[in-house]
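Trainee: Using our numbering, read the sequence shown as starting at 673 and increasing by one per residue.
Glycine included, every Cβ here is placed at the ideal spot set by N, Cα and C.
Here the structure is a predicted model, which means the values were calculated and not measured.
One structure, as C-alpha cells, below. Some questions next.
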Amino acid sequence: MALSDSQKTALRNPFQWLFEPTPKATSENLAQENPDGSIPRNELAGLMFGLLGQNQLYGMAGSRFFHFLTNVLHINTTNVGIMTGIITTYDACNDPIAGAIMDKNRFKNGQKLVPWIRYTSPLIAIFAFLMFVNWGYATEGQALVYSIIVYLLWDALYSFQDAGLWGLTAIISTRSEERARSVQWAEVGVTLGGLIPGLLGMFFSGSGLFGITQQNYYLVFAAILCLGGGFLSVAACRVNERVPSPPETISILKNIGQLKHNYILWLFILMDVLSNLSPRVEDVYLFQTHADYQLGSWVIPASVTVTILGAVTGIPSLVTKFVATKVIDRFGGNKKAMIVARLAGLVVRVIVYFIRIETLPRLILTRVVQMISSIPDSVNGVAMRTMIADSVDYVEWVTGRRTEGITMAMRNFQSKLCGAVGRLMQGLSLTFLQFNSRNVERNIPQNKHYQDWVWPVYQLGPGIGAILSLIPLLLLKMPDMDKIAADLAERRAERALAEGGEPVLVAVGADE
C-alpha cells in the first residue's frame, strides 16, 4: 500500500509532522475522507496519543506535587493543604475566561482549538518540570513562594491545553455516536498515560529504591514524564475540526454567561465536588509507612508490592476501555453505567475494609475484588465525557452558539476545584492522623494514632463522597440528542446557504 505524503513526512521527520499545521477542514475534503461520517483512525490515534502525553505529564505535575512538597521540601502538611487548595481554587477561576477566549477567537487557518494545543504544550512541559526542582531553599517561605509561582504558570497554560484537547471530542464530529468513539480512544490515552506515573509509588518510599533519594527520583521522572509528555501532546493536532463554529460576536463576559444553559455540566461539577468532600489519604502515604510483605525468604517493600499488584489487576480495566461504548450499551446507557460504577465501588470499599491488607494473601484478595469492580468503573469516564461533549450540541441548539472552549475549560475548572477540595481534605486528614514526613526519611514508624486510623480514613473515607455524588447523578436527565442533531444539521445548512457558501455536509445518523 502506497504511503500518503503525510505518512512519508511522519517517517522522515516526526517532529515536523507533529508541528506542521493541519489543513482547514472543508465539506469537500471531509466528504471524500469519510463518506459515512466516521472519524478516520489516524485522527483517533492522534487524539489518543495527545491525551496519553498530557496525562503522563499530569500524573507527575498534578498528582505528585503534593507529595513532593511534603516529603522532599518538608513543608508542613497543613500549609501544603491550604496552599494547594487556595491556589488551585484561584486558578480554576481563570478557566472560564480561557474557554471564553477560545470560543471567541479563530486562527488564520479557521481552526478554533488545535493551535492552542500546538503552542501551549511545549511551555507546559517546561513549567511542569520546574515544579520538581529543589533549589535548596533557606526557608519554608521561599519554597512556598517559588512553588506557587511555577504552579500558577503551569496551570494557567494547562487551562488552554486541556480545554483544547477535550474540546476536540465535541468538534471532531456532528454525530453523538462518533463523539463517543473519540471519547473512548481519548480515555484509552488517559489510561495508558497514567500507567508510568502510577508505578512511581515504589520509588518514593523512604529513601527510594537502590538508595537513591526521593529528590533525585523526582528530578529524573519529571524530566521524562513532564518534558516527554508535554511534547507528545502535540500529536492531537492531527485532528480535524468538523463541526462548523463561526467566530463569536458577543463579549467574553456574555460568552461565559452561556454556561447557565448547560445544566448537564453543572450537575457533573456538583457531583464531583461532593465526591471529593470526604476524608482521604493517597496510596503513597499509606504504603510508605506500611510494614513490608514476606514472600518465602524474600522481603518486599509494601509500596513495591502494591504497585506491581495494581499494574497486574488493572489489566481488565484497561482492556475494557477499548470496548467502553459497547459496555455502556450493555448497562443501558451512559447514566446507568455511571450509577452502576459508583454502587460497585461502594460495595467493594466495605468488603476490602474488612479483608484488610496486613498479609500478602489478604492484599492479593483485596486486589482481586477491586479488579472485578474496576470493569464498570473503567467506563465511567467515557460515559461522563460523552455526555459533556453532547452538552455542547445542546447549548448550540438552545442558544445558536458553540461552546467547546468554555465547556471543556469548565471541566478543567471542575478538575481543579475538586483537586483543591481533595487536597484540602487530605491535608486536614494527614493533620488529624498526626503524620510526620521526616519519620519516613529516617525510617521511623508513625505514631500509634496514625497507625490506628490511617486504614479507616484511606479505605472508607472516600465512600462518603461517593454516596453524596449519587444525588446529582440521579437528578440528571439527558435531552433527545438524535432530535438535536437533526435540528442542528438543518440550521447549519441554512446558515451556509444564507452566507453564500455551499451547504455543510453533516451526517446525523448511520443510515443517512
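1) Specify, as a first and last residue, the run of the alpha helix (DSSP H) that Ile1029 falls within.
2) Helix, strand or coil for Leu729 per DSSP?
3) Could you give the distance in angstroms between the alpha-carbon of Gly637 and the alpha-carbon of Gly1133?
4) Is the distance from the Cβ of Thr1071 to the Cβ of His933 below 7 Å?
5) Do you know whose CA, among Ala858, Val1126, Thr1079, lies nearest Ile769's CA?
6) Might you give, ordered along the chain, the residues of its own chain that have their beta carbon closer than 7 Å to the beta carbon of Pro695, omitting 5 neighbours on each side?
7) Which partner residues of Val855 appear in the DSSP bridge assignment?
8) If you check the beta carbons only, do Val1020 and Val1041 fall under 7 Å apart?
9) Starting from the N-terminal side, write out each stretch of the alpha helix (DSSP H) that is 4 residues or longer and does not extend beyond the segment 949–1010.
10) On the three-state DSSP scale, how would you describe His746?
11) Where does the unbroken alpha helix (DSSP H) through Trp1125 begin, and where does it stop?
12) My output table needs one value for Arg1164: the three-state DSSP class, helix, strand or coil.
13) Please report the distance separating the alpha-carbon of Asn888 from that of Gly753.
14) If we count the other Cβ atoms within 10 Å of its Cβ and call it buried at 16 or more, is Arg1014 buried or exposed?
15) How would you label Pro869, buried or exposed, when you count the other beta carbons within 10 angstroms and need 16 or more for buried?
16) For Gly1094 and Gln1086, what's the separation of their Cα atoms in angstroms?
17) Count the other CB atoms, across all protein chains shown, that sit within 10 Å of the CB of Lys1155; report buried if there are 16 or more and exposed otherwise.
18) Tell me whether Glu1076 is buried or exposed, calling it buried when 16 or more other Cβ atoms sit within 10 Å of its Cβ.
19) Using a Cβ-Cβ cutoff of less than 7 Å, which residues in the same chain neighbour Ala963 once the five nearest sequence positions on both sides are dropped?
20) Under three-state DSSP, which class holds Ala810?
21) Using a Cβ-Cβ cut-off of 7 Å (strictly less than) and excluding sequence neighbours within five positions of Gln1118, which residues of its own chain qualify?
22) Quick one: Cα of Val786 to Cα of Ile1036, how far?
23) Express the C-alpha separation of Met1082 and Phe779 in angstroms, rounding to a whole number.
24) Quick check: what's the CA-CA separation for Asn835 versus Ile773?
25) Which residue from Tyr730, Thr846, Met1010, Ile987 puts its Cα closest to that of His833?
26) Closest to Tyr1122 by CA distance: which of Ser1141, Leu1102, Arg1114 is it?
27) Are the segment 1048–1064 and the segment 995–1011 touching, with three or more C-beta to C-beta distances below 8 Å?
28) Can we count Val786 as close to the ligand FMN, meaning its CB is less than 6 Å from some heavy atom?
29) Can you round the beta-carbon distance between Val822 and Val953 to whole angstroms, since I take them to be within the 8 Å contact cut?
30) State the CB to CB distance for the pair Met1097 and Pro951, rounded to an integer number of angstroms; the pair is presumed to be in contact (CB under 8 Å).
Mentor: So, from the listed chains and residues:
1) On the sequence shown, residue 1029 is found 357 positions in, with the first residue counted as 1. Element bounds for Ile1029: n/a, residue is neither H nor E.
2) As a first step, residue 729 must be located in the sequence shown, where it is residue number 57. Reduced to three states, the DSSP call for Leu729 is helix.
3) Residue 637 lies beyond the stretch modelled for the chain, which goes from 673 to 1184, so this question has no answer here.
4) In the sequence shown, counting from the first residue as 1, residue 1071 sits at position 399. In the sequence shown, counting from the first residue as 1, residue 933 sits at position 261. Yes, the Cβ-Cβ distance between Thr1071 and His933 is below 7 Å.
5) Working through the sequence shown from its first residue, we reach residue 769 at position 97. For Ile769, the nearest C-alpha among the options comes from Thr1079.
6) Looking up residue 695 in the sequence shown gives position 23. For Pro695, the predicted model reports a pLDDT of 49, less than 50, meaning its position is unreliable and no value from the coordinates is stated.
7) Working through the sequence shown from its first residue, we reach residue 855 at position 183. Per DSSP, none; premise fails for Val855.
8) Locating residue 1020 in the sequence shown gives position 348, counting from the first residue. Locating residue 1041 in the sequence shown gives position 369, counting from the first residue. Yes, they are a contact pair.
9) 955–959, 974–985, 987–993, 996–1003
10) As a position in the sequence shown, residue 746 is number 74, starting the count at 1. Residue state, collapsed to three classes: coil.
11) For the purposes of this step, residue 1125 is taken as the residue at position 453 of the sequence shown. Per DSSP, Trp1125 belongs to the alpha helix (DSSP H) from 1120–1147.
12) In the sequence shown, counting from the first residue as 1, residue 1164 sits at position 492. Arg1164: helix per DSSP, three-state reduction.
13) Counting from one through the sequence shown, the residue named residue 888 turns up at place 216. Counting from one through the sequence shown, the residue named residue 753 turns up at place 81. Distance between the alpha carbons of Asn888 and Gly753: 24 Å.
14) As a working note, residue 1014 is residue 342 in the sequence shown. Under this definition Arg1014 is a buried residue.
15) For the purposes of this step, residue 869 is taken as the residue at position 197 of the sequence shown. Under this definition Pro869 is a buried residue.
16) Position 422 of the sequence shown, counting from 1, holds the residue named residue 1094. Position 414 of the sequence shown, counting from 1, holds the residue named residue 1086. In a straight line, the C-alpha of Gly1094 is about 12 Å away from that of Gln1086.
17) Your numbering for residue 1155 matches position 483 in the sequence shown. Around the beta-carbon of Lys1155, fewer than 16 other beta-carbon atoms lie within 10 Å, marking it exposed.
18) For the purposes of this step, residue 1076 is taken as the residue at position 404 of the sequence shown. With 16 or more other Cβ atoms within 10 Å, it is buried.
19) As a working mapping, residue 963 is identified with position 291 in the sequence shown. Ala974.
20) Indexing the sequence shown from 1 puts residue 810 at position 138. Coil, per DSSP.
21) Numbered from 1 along the sequence shown, position 446 holds the residue referred to as residue 1118. Same-chain partners within the cutoff: Thr961, Phe1107, Asn1108, Asn1111.
22) Your numbering for residue 786 matches position 114 in the sequence shown. Your numbering for residue 1036 matches position 364 in the sequence shown. Rounded to whole angstroms, the separation of the alpha carbons of Ile1036 and Val786 is 44 Å.
23) In the sequence shown, counting from the first residue as 1, residue 779 sits at position 107. In the sequence shown, counting from the first residue as 1, residue 1082 sits at position 410. When rounded, the distance between both Cα atoms is 22 Å.
24) For this step, residue 835 is matched to residue 163 along the sequence shown. For this step, residue 773 is matched to residue 101 along the sequence shown. Reading off the sequence shown, one finds Ala at residue 835, where the question assumed Asn. Distance from the CA atom of Ala835 to the CA atom of Ile773, rounded to whole angstroms, is 11 Å.
25) Position 161 of the sequence shown, counting from 1, holds the residue named residue 833. A small fix is needed here, since residue 833 is Gln in this sequence, not His. Ranking Tyr730, Thr846, Met1010, Ile987 by Cα distance to Gln833 puts Tyr730 first.
26) Locating residue 1122 in the sequence shown gives position 450, counting from the first residue. Of the candidates Ser1141, Leu1102, Arg1114, the one whose C-alpha sits nearest the C-alpha of Tyr1122 is Leu1102.
27) Taking one beta carbon from each stretch, the segment 1048–1064 and the segment 995–1011 have 3 or more pairs nearer than 8 Å; the two touch.
28) With respect to the ligand FMN, the structure offers nothing, as it holds no ligand at all.
29) Counting from 1 along the sequence shown, the entry for residue 822 is found at position 150. Counting from 1 along the sequence shown, the entry for residue 953 is found at position 281. At roughly 25 Å, the Cβ-Cβ gap does not stay under 8 Å, so Val822 and Val953 are not in contact.
30) Position 425 of the sequence shown, counting from 1, holds the residue named residue 1097. Position 279 of the sequence shown, counting from 1, holds the residue named residue 951. Yes, Met1097 and Pro951 are in contact; Cβ-Cβ is about 6 Å, under 8 Å.
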